[in-house]
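For the sequence shown, the working numbering begins at 7 and goes up steadily by one. Quick reminder that beta carbons are idealized off the backbone N, C-alpha and C, glycines included. Everything numeric in this text was worked out from a predicted model, so none of it was measured. Below: the structure, in structure tokens.
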Amino acid sequence: MAFIKGDHGVSNCIITMSVAGMLTIPVSLSAGAEESLDELDFALEEVVVTAQRREESISDVPLSVTAIDSEAMAVAQLDNISNIAVVSPSVQFNSTNIASSSGNIIMRGLGTVGNSRTFEGGVGVFIDGVYRTRAGAALESFLDMEGMQILRGPQGTLFGKNTSAGAVLISSAEPSLEGESGRYKFQMGNYGNRTIKGSYNQPLNEKSAIRIAAIYDEDDGYFEDVNLGLDTNGKDTKAVKAQLLVTPTDNVSFRFIADYLESSGLCCYGTSDYLDGAVTTLTDSLALAGGNRLPSADNEDFETAMNSRNRQDVTDKGLVWKIDYELKGGSLNSITAYREYEVKQTEVDADFHPVDLLQLDESFKSEFFSQEFTFHGEFEPWQADYIVGLFLSYEDIDMDRNLYWGQDAQAYYDASLGAALSLPPGTVSAPAGLWSHEIMEATAESRAIFVHSDFTLTEQWNMVVGLRYSEEEKEGEFGRDFFDLQLSAFVDPICASLGLASPCVAPANPFTFIGIQPGPAYKDDMVDRAFSGTWALQYRPNEHAMWYFSYNHGFKAGGVTVDANAAGQVANNPDFGGTPLDPAYDPEKVDAYELGLKATYWQGRARSNVALFYNDIEDLQVAQFVGLRFTILNADSAKNYGVEIENLVQMTETLSANLDVIWMPYAKYGEDDTISDALSDQRMRWAPHVAANTAISMDVPLSDDLSLTGQLQYIYKSSRFASTSIEGIKLGHLDIFNLNLGLRSASMGWVIELWAQNLADKTYSTTVFNSPGQAGDLNTYLGAPRTYGLTIRGEF
């Protein structure tokens, strides 16, 4: 079990260090305002980003951006989106049992939290300019990526798809006409980690080039299933990516990208016990009587106990066609994309316990098409750069789920209902086998036009204005082609308790008997239309600093919840005389304010970015899991504010350091009777008061060719709430150390590295949830234990 630990001392120390560094900025700028930033050979390199759809220095962008290139990604072991917290303390990724429904990115405490099949992320993921409808798709291994940019705050006037909390931009290495080149990586680590990755670029002629990349990655997982004798929560991944670049003329280019990935493994139901409930003694005794073992009570042992294999198979594939056409008055750009993302889970132990109560098979398939057109131009009379865009997308989702009673279900319900309601054994009937087959469908259609303009007012002042109009159409459908009511004959007192004359015939399915299932079948739709936009003002007091103030109005469409109880329970089912509830939820709206400073000082050896932010959210969408029901609620209001500081210093020619901190003193849902007590007037989930990343990096020459490289990173998070459904579950503060030590050859282009993540082997929880059908029992997903290995990588 995780416990809350005192963390005010560490938090205060980190905040003090960050503020002290921040206060030196004006002094440094004043003292060095007339100095050239090129006086030292080891000044910081300029960071170029495309956050505003054009290449520019990160110091000139009036919004909070963090950028990391492929080399930094490799050093940080950033192989997929799950480890994104190593890039910035403001960002984290959570995923539980099935990534298509539970994979969520949270930024500055905002984002989509909870589990839902049809939820769109509050933080959008864009890979090569294409929106990924499920952040969980980025949980698979990155292949031949060139870099990542993290944009905070609502986005919508620069990208095809709008987001309410931020965006993560990931870009592939492009084919090059410059000559033959490539990359390679071989890695071995504990827990069965093996990776072989490579890419190759080859010009075909003066006007075209191809780039091919492939990866094979295997990981056994770090949980041990003591019942099946298997490692679990691991996977094997194979992927390939092919790109073709064609430049028939100097002003036209075509780029084609095709990628295919498949992964399989025993995933992702390995969890640990967090808190025993009232029925834990019963479930443990039934498990032992059935010949199963119980896992260790010590979470540090990473033991779980399942009675089925929990197999998962993922396929992710797509095509992208990009056209760039330089015209006399600007450039016309097109991105056309088609993607399929499919997740299948079979033999799933859905009760998360060694007792065999509930099993399931589940599938999810998304087919997504998008088209984006943008025109980039200049309007010289107003000294303005502008972008005009059109975006269209359509997604079709098909889902399927089979539910099975386990071998111990009958004994469990006999004992638990007997204890709770004094009912005799056999009152309910739960014979092992299939009892429900659910069929779910959903569609989402988006249309938008947007414009974004940057006006040069004077040499020191700029103004940015953007506007977007969006139309979103959503449809969701739930039904069953089989449900076993287990109709049985009863007499009083059971008939009397059901409001029926004795004798009576009534459902004996346990879920029907207690009023949970079958909920109503339904088909519902909704349409949202909204304007969103941005306004920012920039001021440059000198060439080394830029102040900005921005306002963003963000929008995330509503939708239709697709789940067995989205329209209610048995009492709401028309087949039982009820009236269905509305499964739709409302759109989410955000008003975001930000005051920022970006400064380079100390003769170009230090850079600091500071942002004060305030977010006012209306109808915040939150997914909750209550007992056996997934729901999506709109919290009437929510607010958060804080300060974010990023510092990078080149201390010597061979040593650099960074300290990045977010302090969020207020992050709270409003008081609201329509949401659960776990959320009403409570702090936002996964929103620590303080989070920080700090690192020291070195690159020490040993000879004209060889150098010693290394990085020691420390990640800190203060205590935080970790469940949208359970009141008062607060995880203690988190300290993580990561280490990388390498030897680099400049002439040969290779690097040999020893690395370790979670060096101190900290055992910590990431999410806490109710164990299905087991009142009061809580389980937890754990973060990865210490992982380590050897990597050989390079370029040619």
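Three-state secondary structure (DSSP) of residue i
i	result
F488	strand
N571	coil
T277	coil
S494	strand
D307	helix
L685	coil
G424	helix
I90	helix
G336	strand
A49	coil
G38	Residue placement at G38 cannot be trusted, given a pLDDT of 44 that sits under 50; what the coordinates show is reported in the next sentence. In the structure shown, G38 sits in coil (DSSP, three-state: anything other than H, G, I, E or B).
D77	Here residue 77 turns out to be Glu, not Asp, going by the sequence shown. Helix at E77.
P387	helix
S503	helix
V67	coil
N776	strand
Buried or exposed (CB count within 10 angstroms, at least 16 for buried), residue i
i	result
K529	exposed
T606	buried
E465	exposed
S34	Low local confidence applies: a pLDDT of 48 at S34 is under 50, so the model's placement there is unreliable, and no value is given.
G240	buried
T585	exposed
N785	buried
V706	exposed
V54	exposed
F132	buried
F229	buried
D783	buried
D420	buried
Expected contact under 8 angstroms - CB spacing of residue i and residue j to nearest Å
i	j	result
N615	E659	With 8 angstroms as the limit, N615 and E659 do not qualify as a contact, their Cβ atoms being about 23 angstroms apart.
M690	G115	5 angstroms
I104	Q351	6 angstroms
N89	S108	Wrong, their Cβ atoms sit about 17 angstroms apart, outside the cutoff.
P589	A573	5 angstroms
S643	G602	About 25 angstroms separates the two Cβ atoms, so there is no contact after all.
Q318	C274	7 angstroms
L363	A415	5 angstroms
Q780	G283	6 angstroms
D322	A143	6 angstroms
S182	A215	6 angstroms
E152	S177	5 angstroms
I758	L749	5 angstroms
M532	G564	6 angstroms
Strand pairing of residue i, partner residues [DSSP]
i	result
G296	Bridge partners of G296: none, in fact.
V55	E62
V129	G172
I403	S372 and A448
G648	F619
S614	A605 and N653
C510	F496
G472	H458 and T540
I202	F192 and Y222
Spatially closest choice to residue i from the options, by CA coordinates
i	options	result
E378	D597, D256 and K167	K167
A542	M532, S108, S703 and W553	W553
S96	S70, Q83 and A78	S70
K213	T243, V706, R261 and A220	R261
S771	S538, D304, T518 and M469	D304
E447	R486, D420, S291 and K323	R486
D678	L639, S703, L665 and L292	L639
Y400	Y392, S435 and R345	R345
R60	A248, Q365, S459 and N86	S459
P791	V258, D767 and A781	D767
D534	V566, A73, R158 and I329	V566
G648	Y672, T163, A663 and L665	Y672
T72	E801, A57 and Y266	A57
I286	S259, T238, I341 and V361	As written in the sequence, residue 286 is Thr, which differs from the Ile given in the question. The shortest Cα separation from T286 among S259, T238, I341 and V361 belongs to V361.
K203	F165, L149, Q365 and F229	L149
D279	E309, T797, G296 and M113	E309
A141	V174, M154, L157 and I156	V174
T102	Y787, F802 and L737	Y787
I623	R546, K562 and D683	K562
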